[in-house]
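> I have a structure here, written as structure tokens, and I will follow up with some questions on it.
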Amino acid sequence: MERKHATVIALTFVLVGLMFFSVDTPLVTQQDVEPVIHEAPEIIEQIANEPVPQEPLKMNVLSNPSFDTWIMDDKFPEDWTIAATGHANSSRAYTGSPKYDSYAGFAEAMGSNASSASTYLRNDLDDSVSYPFLKYGVSLSLDWYVIANPDLLQWGLVYLQVEVQNFTGSSNAMYYQLSHLAGTWGNGTSNAYFLLNDTIGSWHTFDRNITSDFLAAFGPSQFSDTHYVNRIWLHVSSPGQATGLVQVVCDDVSMYNSSFSSWILNGDFEAGNGANWLTYQLRNMGYVGKSIDQTDGTYSLNMSIPAIVDGRGSVQASRDFYDTNAFFAFGPGMNTISWDWKYHDAAVDSNQWAYVQFGFYNGTNYFLELYMGRGDDSMEGNSTTTARIRLPGFGTRDSWVHTEFDLYDLMQEVGFIDLKLTLIRFEAMNLPLGLGEKVELLIDNFVMETDPFANPSFEYLDPYTTYDPFQGWWRSTSNGDVNPSTTSHSGTYSANITVDATGIGAADGLYRSELYFEFDPALFTDFWWQLEDIQGT
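For the sequence shown, my numbering begins at 8 and goes up steadily by one.
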């Protein structure tokens with residue numbers, strides 16, 4: 008009987024420099040040739056005739072550093088993640104177009120390029136005299152007027168929400184969609200949806216028997232003598248990349264049955280001060296776009312928040328780094344960062360600012376916030392996990408400033424030792440003292456110079472896991488063993504990859520993703536490897 012042999016492969020894989028530029032004395036034999044365009048990549052096998060340089064390569068590792076490439080119809084800078092608050096506004100004593108008397112309720116929202124927006128008016132029913140029990144038959148009536156909903160087919164939405172509770176703590180919600188055409192949701196065990204879409208630009212009357220709707224949606228099995236209406240909302244919601252405002256007015260809101268009708272206080276809004284109505288926190292629109300006011304290339308990144316309402320607004324532009332593409336600053340010169348910036352605010356308000364945040368991780372998240380400006384030029388103190396520093400040029404307004412630093416030096420200054428860089432985020436925020444105040448931040452030529460492979464010679468081990476033992480590298484499978492080995496070409500460690508095959512296709516290895524570097528004819532790939540053992544047939 009023929010004996011079957013197990014196949015065992017052990018590979019020690021060492022990356023010393025991985026990439027390097029040619030210098031005055033070439034490290035690799037080269038010949039002058041005429042440029043030739045190949046239909047398929049050509050691999051040229053060359054062996055260094057002397058040791059490769061031990062100094063790691065440093066180059067910009069962030070794509071689109073000058074914000075010259077934009078996507079999605081020029082809405083977003085390529086390779087940057089954008090977040091921006093939408094516009095949200097409401098009034099509990101609106102005088103624009105009430106149906107009756109002097110006041111009404113009003114709500115409007117408009118999503119930004121990067122996120123949706125929503126707001127609401129809410130009334131918590133008065134149960135001081137009696138509860139609006141469903142068992143006695145309860146109805147809700149109001150008049151409503153959708154002024155505009157330009158994104159009706161893209162989840163622009165106006166709806167009423169009625170919350171029902173009982174004394175055991177369970178709750179049900181019924182959603183009445185007043186202006187909506189993009190679709191609806193299916194009913195669940197505790198939620199029910201009613202599509203009542205009606206015309207825009209005219210008054211309509213809503214008058215529904217809530218008891219009947221509850222029984223139709225949830226059935227008699229969920230109905231009890233202690234179920235009662237707890238509160239109501241009028242919501243507006245606008246999708247991201249909205250084309251205009253979603254706006255609604257409501258008036259003369261009443262919850263009633265055959266014997267009582269005073270559960271909703273100030274339902275006609277005629278108190279004139281918004282009494283008994285609550286609203287969601289107001290929001291100012293955050294804008295992100297390209298500006299021709301730049302220091303490099305064609306454009307810069309513009310992050311701005313004008314104050315249209317008395318509410319908060321913010322814009323963020325981020326780059327995230329995970330285990331497969333993390334970067335480090337374990338020593339001097341390992342990681343240097345630079346960029347150009349221009350800042351504007353009202354120069355009076357502490358709730359206006361702009362900073363860049365560096366996120367780090369070593370089992371706990373830590374943050375380093377470098378402030379470019381703040382309205383009153385003040386600075387908050389540090390916390391256990393967040394350090395804050397004024398950048399040179401802090402407080403300069405309406406002029407370009409260049410910033411450059413060694414990330415290792417800053418981390419040492421604030422006591423962040425041996426941390427993994429997981430996030431870079433620019434943020435501008437505006438919570439103004441007065442309407443019309445604007446915060447604006449321009450960013451250009453943002454460069455991080457380090458080795459694209461971060462940990463090319465596998466010297467930095469991950470202290471929190473042995474499964475992925477090397478910082479900045481990720482296991483491709485779990486079919487073998489990946490461990491640090493002291494059999495190395497240089498330094499202390501190499502990566503040892505061992506596979507004991509139990510079937511066809513067994514493999515393991517390491518990878519690093521989302522590498523970015525600019526191609527250059529003087530750029531070469533180099534690594535050292537040693538095949539320790541291979542067995543089988």
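For every residue, glycine included, the Cβ atom is placed at its ideal position computed from N, Cα and C.
For N216, write down the residues that DSSP places opposite it in a beta bridge.
Reading the sequence shown from its first residue, position 209 is the one you call residue 216. DSSP output for N216 lists S146 as bridge partner(s).
> If you follow the beta strand (DSSP E) that D259 is part of, which residue opens it and which one closes it?
On the sequence shown, position 252 is the one that residue 259 refers to. 253 to 263 is the span of the beta strand (DSSP E), which, as asked, contains D259.
> Can at least three beta-carbon pairs, one atom from the segment 252 to 266 and one from the segment 197 to 204, be found at a separation below 8 Å?
no
> In angstroms with no decimal places, state the Cα-to-Cα distance between P48 and H351.
Here residue 48 is taken as the residue at index 41 of the sequence shown, counted from 1. Here residue 351 is taken as the residue at index 344 of the sequence shown, counted from 1. With a pLDDT of only 40 at P48, under 50, the local geometry of the prediction cannot be trusted, and the value read off the model is given with reservation. Taking the straight line joining both Cα atoms gives about 49 Å.
> How many Å lie between L160 and I312 at the Cα?
Within the sequence shown, the letter at position 153 stands for residue 160. Within the sequence shown, the letter at position 305 stands for residue 312. Between L160 and I312, the C-alpha separation is close to 28 Å.
> When you compare the segment 324 to 333 with the segment 408 to 422, are there three or more beta-carbon pairs, one atom per stretch, that lie closer than 8 Å?
no
> Enumerate, from N- to C-terminal direction, the unbroken alpha helix (DSSP H) stretches of 4 or more residues contained entirely within the segment 357 to 406.
none
> What's the gap between the Cα of W535 and the Cα of F423?
One-based indexing of the sequence shown puts residue 535 at position 528. One-based indexing of the sequence shown puts residue 423 at position 416. Cα to Cα, the separation comes out at about 33 Å.
> How would you label S209, buried or exposed, when you count the other beta carbons within 10 angstroms and need 16 or more for buried?
Residue numbering aside, residue 209 sits at position 202 when the sequence shown is read from its first letter. Burial call: exposed.
> Compare the beta carbon distance of A124 and M117 with 8 Å and say whether it is the shorter of the two.
Here residue 124 refers to the residue found at position 117 when the sequence shown is read from its first residue. Here residue 117 refers to the residue found at position 110 when the sequence shown is read from its first residue. Result yes, Cβ atoms of A124 and M117 sit closer than 8 Å.
> Can you tell me whether F477 is helix, strand or coil according to DSSP?
Looking up residue 477 in the sequence shown gives position 470. Strand at F477.
> Do you know how far the Cα of F374 is from the Cα of E46?
Numbered from its first residue, the sequence shown carries residue 46 at position 39. Numbered from its first residue, the sequence shown carries residue 374 at position 367. Unreliable positioning characterises E46 in this predicted model, as indicated by a pLDDT of 43, which lies under 50. A coordinate reading is not provided.
> Between the segment 162 to 181 and the segment 232 to 243, do three or more beta carbon pairs fall short of 8 Å?
yes
> Tell me which residue opens and which closes the beta strand (DSSP E) that V446 is part of.
Your numbering for residue 446 matches position 439 in the sequence shown. Note, V446: beta strand (DSSP E), 445 to 457.
> If we ignore side chains and look at the alpha-carbon of each, how far apart do S146 and T212 end up?
Walking along the sequence shown from the start, residue 146 turns up at place 139. Walking along the sequence shown from the start, residue 212 turns up at place 205. If I take the Cα positions, the gap works out to 13 Å.
> Opposite M181 in the DSSP bridges: which residues?
Residue 181 sits at position 174 when you count from the first residue of the sequence shown. In the DSSP output, where bridge partners are listed per residue, M181 has V169, A199.
> Residue ranges of each beta strand (DSSP E) run of no fewer than 3 residues wholly in the segment 309 to 349, ordered along the chain?
320 to 327
> Would you mind working out which of I271, G366, G251 sits nearest N120, comparing C-alpha positions?
Taking the first residue of the sequence shown as 1, we reach residue 120 at position 113. Closest option to N120, Cα to Cα, is G251.
> Let's test the definition: count the other Cβ atoms within 10 Å of the Cβ of A514 and tell me whether it reaches 16, buried, or not, exposed.
By 1-based counting over the sequence shown, the position of residue 514 is 507. So A514 counts as exposed.
> In the DSSP assignment, find the unbroken alpha helix (DSSP H) run with S419 in it and report its ends.
Counted from its first residue, the sequence shown places residue 419 at position 412. Here the sequence assigns Gln to residue 419, which means Ser is not the residue at that position. Q419 -> alpha helix (DSSP H) spans 414 to 421.
> If you pair each beta-carbon of the segment 294 to 309 with each one of the segment 95 to 114, do three or more pairs fall below 8 Å?
Result no; under three Cβ-Cβ pairs closer than 8 Å.
> What does the Cβ neighbour count give for Q478, buried or exposed, with the cut at 16 atoms within 10 Å?
Reading the sequence shown from its first residue, position 471 is the one you call residue 478. Answer is buried; the Cβ neighbour count reaches 16.
> Once the 5 residues before and after F412 are set aside, which same chain residues still bring their CB inside 8 Å of it?
Translated into the one-based positions of the sequence shown, residue 412 becomes position 405. Spatial neighbours of F412 in its own chain (CB-CB distance under 8 Å, excluding positions within 5 residues in sequence) are listed in chain order as T343, I344, S345.
> I'd like to confirm the pairing. Which residues does DSSP put opposite W77 in its beta bridges?
Here residue 77 refers to the residue found at position 70 of the sequence shown. Looking at the DSSP assignment, W77 forms a beta bridge with P84.
> Work out the CA separation of S307 and A354 for me, nearest whole Å.
Within the sequence shown, residue 354 is the residue found at index 347, counting from 1. Within the sequence shown, residue 307 is the residue found at index 300, counting from 1. Cα to Cα, the separation comes out at about 23 Å.
> Let me make sure I understand the geometry here. Which of L132, I78, W360, L222 has the alpha-carbon closest to that of K142?
Position 135 of the sequence shown, counting from 1, holds the residue named residue 142. Checked all of L132, I78, W360, L222; the closest Cα to K142 is L222.
> Examine the Cβ distances between the segment 451 to 467 and the segment 476 to 496 and report whether three or more of them are shorter than 8 Å.
yes
> Per the contact definition of three or more C-beta pairs closer than 8 Å, is the segment 280 to 290 in contact with the segment 313 to 323?
yes
> Out of curiosity, what's the CA-to-CA distance linking I217 and M292?
Here residue 217 is taken as the residue at index 210 of the sequence shown, counted from 1. Here residue 292 is taken as the residue at index 285 of the sequence shown, counted from 1. Computed Cα separation, rounded: 36 Å.
> Report the option in S501, G400, R519, F524 whose CA atom is closest to the CA atom of E539.
Along the sequence shown, one-based indexing puts residue 539 at 532. The option with the nearest alpha carbon to E539 is S501.
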